[in-house]
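All residue numbers in the sequence shown are consecutive under our numbering, ending with 1250.
Quick reminder that beta carbons are idealized off the backbone N, C-alpha and C, glycines included.
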Amino acid sequence: MDCEGDKPTLAAKFFTRRNINVEAVARTFKPLWQTKNSFYLQDVGDNIVLIEFEERSDLERVLLGEPWSYDKYLIAFQRVREGTAVEELPFNKVDFWVQLHNLPILCMKKAVAEQLGRSIGEVVRTQVHDEESGSGRYMRIRVRVDISRPLCRGRRIGLTNGGEGWVSFRYERLPNFCYWCGIPTHGEKDCEAWLKTGDAEKAKIPEFGEWLRASQERAIRRVQIKVEGWGRGAGAGTGTAPQPTLSTSKTALAQPPQRQSDPTDMETAEYPGRDTETAVIPAKKHATFDDQLREIDLAINYVPGIPIFSESINNNNHIDAIIREGTADGWRLTGVYGALETQKREETWVLLRHLASMSQLPWCCIGDFNEIVKLEEMKGSHSRPDRQMKGFRSALDEYGLVDLRFRGFPFTWSNNKDPPFTTWVRLDRAVATMEWIQLFPRAMVEHVDVAKSDHKCLWLSCSPPVTTRPKRRPFRFEEAWMTDVGCEEIIRKVWDSSYRGTRMFSVWQKIQECKIQLSSWSRSHFGSIKKKIEALKLKIHQVETQAVQDRSLLRDVEEILSPGLWDERSGWHETNEEMAILMTEYYNNLFTTSHPPNLVEAVSDIPKVVTEAMNNILIQDFRADEVEQAIKQMSPSKAPGPDGMPPIFYQKYWHVLGSDVISAVLSCLNSGCLLKSINHTFITLIPKVKNPEKVTDFRPISLCNVIYKLVSKVLANRLKLILPQVISESQSAFVPGRLITDNVLVAFETLHHMHHNKMGREGAMALKLDMSKAYDRVEWKYLVEVMQKMGFHQKWIGLMFECISTVSYSILINGEPHGNILPSRGLRQGDPLSPYLFLLCAEGLHSLIKKAESSGDIQGVSLCRGGPKITHLFFADDSLLFTKATIAACDKIQLILRQYERASGQQVNRDKTTIFFSKAVPTTTQNAIKDTLDVPIIRQYEKYLGLPSLIGRGRAESFTQIKERVWHKLKGWKEKLLSQARREVLIKAVAQAIPAYSMSCFRLPTKLCQDIEAMIRRFWWSNNPDQRKINWVRWKKLCEPKKMGGMGFRDLQKFNEALLAKQEFVPELGIKWQPPRHLGFKANYDGAVFQESNEAGIGVVVRDREGKVMASLVQKVHHPQSVECIEAWAAKKAVKFVTEIGITEVEFEGDSTTIVAALNNHSPVLTPYGHLITDAKILANGLKSCSFTHVKRQGNGLAHAIARMALHSNNLEVWMEDVPPPTKQMYLSDFPVQ
């Protein structure tokens, strides 16, 4: 910007230590200055900004508003005239309003004030009106203060009686200044005098302090109140009222009385600028003086005990109060009403900023803000633009206001329309600063119903009552015990003892004895371990607070859960016993079978997909290495079951108890009998909503004993081997080799096509099903019938049924177990087997849909002419059906769902099930289908599997929730207490991980990525507005690896591109191992080179026409010459291996076109590996019949996987009629489908 000499210009010096951003400065002062015309800013360096105004009146208005501050530090302005260099401007004068306190009443005169003001600086103005006074307590004077010198604290004055007095000065709107030297241009830690001072001197109380700041209360005007007594001339006392008064007569407004020095005059708070009003209060006959005062209070709306601090100029949009004023526990309460019009909402955020700068007290702000901070706070209406919510979020962030917890219905306003036009929004809330939360750590807001209002009432309880009683908590093994050698000695002692009974019973008894012995030992060696943990948590909390905030220690914050549950029949339940009875009754009914009818008919069309070879793999004897693999797969810190022993207990002391545990687990697996005691399970209740009040607001998660999970996980590992071959391709959950993004991409493309195309004459529809309590309602008999129809061996079915039918439950209520539920249906969320068994159940619904499709009753949706028809997509209990939009198809879907519900126990949640129609489906057809299915019509699915189902032109709006979630994680006040190292973990593990799932399917808008990175940067450098937010290193540098000097943060745009690129590396579908075409056997061979160790591996596998393995081989090769040499060596080894096992007719198949061509070439091969090719041909001549063919890498995957195993092999290993255990899953995925 070029500054023109004829335009009024100011130079502003910002005394904050961080580098300023001109755009941020403009955004800050635009709503505060409210200039008539535009102004321009130019950064000239050294935190100096030139501000050019189009009108001089705007410049003068800015100077009249001094002092101004930015980042809580002072700004000094200087007029810029022609020929003046910026470097020559002194920036040493700022105008302040100074309050003169302790002046004798007779000295409160203009001349005295000006004389005292000249001792401070140049007097600019003295109070001349009552509205500028301090209600008689002090005088105010505007002084041009030299900010390069210490602030003047006061002056001694001589009194007429010969004595002396002290007049103290207090500066209004004084920002941060140095308490050590008194200069307002820097803080204490930036003071050179303070830095040069010794520690002994620093310990002394500084000469300057907070008391130099004037309180932010507004000046009080006088309002005359006449109180008539029993007779004329009767006087009355005076009083002060902190509320504005309203006149009780029109005459008083028209002709205000002249002010007189009369004892009947009373003072009330009122804003300057309004005409003086008189409240005339007639006295009742025979009333006492106290009665008259009460009438006065009533007339002026005065409430004793609630001192009002200030009111809004903008006509009733806020009320401000100070509670416990003058005490150490004083705090500030503000009631806010946000602007109703969207275009005026920014005025509310400016008001918040203004209110925040008025006081340093702990602050709570409550009211109707008319805005939300995230889309989850609105239901049933169109999405609110992110830019509209951003202003509110920025205002909360800037001054550290945190949303307080609430209890009750999550929304506070409704439009009171009938469904489906009902809109719910959370417009009302309470927010508070960190200092306020320290005062009231258990504060809670309750949403209370109101009869005659469309808003909920907010009830703020600063200290809600807490009832505590001794809790009966179950045993839990503590990791701290492992630091003492005595722990292992006790475990070894118990394990060396012997118990009668089966192997599993013996292990179970040893676990119970360990619990008793460890509990007794812990009390004598560790004391109360839980108390010590709490003490350590408190100590860490204190250290973090001091390190990060350098302020007084925070108080302990107790997490208050909802104190009870609501039941429509019996009302509110608050005690643990009452809640336990309610929970036990509910889950007892949920887990009771409905005795499903017509099971055979419901599963009649399920094809037999499990082959004899698959069954042989499933039911072969279980091995010790499978149990060891299962314990290694468990996360050490997983929550334990009723026995209290987490996985880390077994992993740490496996050398002591491993052999017994393996023996016990194998005895159960190989015998097919399970000890019921180990299958007892705790149900822990995880809230599905923020403030749960109903039983259905919780998700039951099962905590199984680790000893049982070992049995279950071994079975699950075997079942996973055959899942890709037996589960239909419409299911993408939990199947090895399939991703959640597979269904997301197919659903997105299909819905997008439906949204923009007519889809034939009838059109198409998509039905999104929601199954209520899907896992908990699975009927065991139905599961057994499905497994029998799929072809599973009876022994395997017996093992599955033993695991799910021997279970019993107790429910944890606030950490205490209650009840003993014996279920007759349901799968546990927390059992390793449950996800895979649920997939088998869903195959029943899949078979019913496929039958209807094959008979022509329903037709799927095709994206192009001749393309495949898509009828359904499953992801666990999340289902999406596609069909033609006809009544006949609708009736067939209804019939299928009813049949599936009756047989499987599943129940479609009609409230959450929705239907979507393609373009141009007639309204009459839509309404008819809607009435038939009894589900609502939507214009688009907002989410499918957590991602937007349709993305239009408002691409940024579709992903707004990602930014909201990142902001929510970084906004929490607990995150502000993290050290820098923990901030790094939070950023990498949480903030940058949130968008990863969306990035794997969609390219996020560049602006969104930049906004998320900006939030992360602010959090990394400082999440406290009191600290400087200097970005010491470029973000690009921080995104480099640590070994290159960075922090290893992700560049979100590049990370997005990398995740999208992974979709290009999906293996080609349909390329699998094929049986030999003409001969009886096929030998696949391959080589793998390990460059890091200068070694290579050879893999060979020989199979018959049915895919059964005859033999397999792996061999390590040292110092390979080239990849081609290893491939040739593998071919030679394959021919030799086939000859050794006695096979004479075989096809040799490899994935190297060069080697296969050389083997089929009758001419000599003159390459470095030519001798290996020659040897292979000579060996092949000894066979009765053979051929060499080529296959792509995908069809030779098993041989390649075996060759890779050579990395961990010593020399040569051979398996007869089997493959190496780590490659079994690959072998089954290659299995030919029959």
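Element boundaries [beta strand (DSSP E), containing residue i]
i     : result
F69   : 64-69
P938  : Careful: P938 lies outside any beta strand (DSSP E) and carries neither H nor E.
F408  : Note, F408: premise wrong, no beta strand (DSSP E); alpha helix (DSSP H) at 402-414.
N1100 : 1097-1106
K736  : Not the beta strand (DSSP E): K736 falls in the alpha helix (DSSP H), residues 722-742.
S1245 : Per DSSP, S1245 belongs to no beta strand (DSSP E); it is in the alpha helix (DSSP H), 1240-1245.
T697  : 696-703
Candidates the options, of which the one nearest residue i by Cα
i     : options                   : result
F1258 : M394, F437, Q404          : Residue 1258 is absent from the structure shown; the chain starts at 17 and stops at 1250.
W796  : M816, G779, V140          : M816
A640  : A680, H772, L1182         : A680
W1089 : H1206, I67, G860          : H1206
E70   : E593, N108, K52, T976     : K52
K390  : T976, D1234, T439         : T976
I635  : V742, S610, K811          : K811
E183  : K1052, V722, R169, L371   : Note on residue identity: the sequence assigns Val, not Glu, to residue 183. Closest option to V183, Cα to Cα, is R169.
S1138 : V1230, P1184, F408, A1127 : P1184
R793  : Q923, E801, W582, R998    : Q923
T929  : K1193, S788, C1025        : S788
L367  : T358, P378, Y353, Q376    : Y353
A763  : V1006, S1038, G876, V616  : G876
V5    : L119, R171, A28           : The displayed coordinates of the chain run from 17 to 1250. Any statement about residue 5 would go beyond what the structure contains.
L861  : S826, A901, E917          : E917
C194  : K88, E130, G137           : K88
R1220 : H772, K935, S995, F1106   : F1106
F93   : E104, N108, E1161         : N108
Residue environment, residue i, which counts as buried when at least 16 other CB atoms sit within 10 Å
i     : result
G342  : exposed
S871  : exposed
A551  : exposed
V464  : exposed
N925  : exposed
C473  : exposed
E778  : buried
C857  : buried
N431  : exposed
K908  : buried
Q1008 : buried
C880  : exposed
G1113 : buried
Other residues of its chain near residue i: CB distance less than 7 Å, five sequence neighbours each side excluded
i     : result
M1031 : V982, W983, L986
D1246 : K1088, W1089, G1213, L1214
L1076 : R1019
D1251 : No information on residue 1251 is available, as it lies outside the stretch 17 to 1250 that the chain covers here.
Boundaries (first-last residue) of the alpha helix (DSSP H) holding residue i
i     : result
P851  : 850-870
V800  : 796-806
W210  : 208-212
Y515  : Where Y515 is concerned, there is no enclosing alpha helix (DSSP H), given that its DSSP letter is neither H nor E.
V1162 : Not the alpha helix (DSSP H): V1162 falls in the beta strand (DSSP E), residues 1161-1166.
W1145 : 1139-1156
V78   : 72-80
A372  : 361-372
Close beta carbons around residue i, own chain, < 6 Å, minus the five adjacent residues each side
i    : result
E642 : V730
8 Å Cβ shell around residue i - same chain, five flanking residues per side excluded
i     : result
K1078 : S1016
query: Does the count of Cβ pairs from the region 407-427 and the region 442-451 closer than 8 Å reach three?
result: yes
- request: Flag this pair as touching only if the region 835-842 and the region 808-824 have three or more C-beta atom pairs under 8 Å; answer yes or no.
  value: yes
message: Across the region 360-371 and the region 927-945, are there enough close Cβ pairs to call them in contact, namely three or more that are closer than 8 Å?
response: no
- prompt: Below 8 Å, can you find three or more Cβ-Cβ pairs linking the region 689-709 to the region 644-662?
  reply: yes
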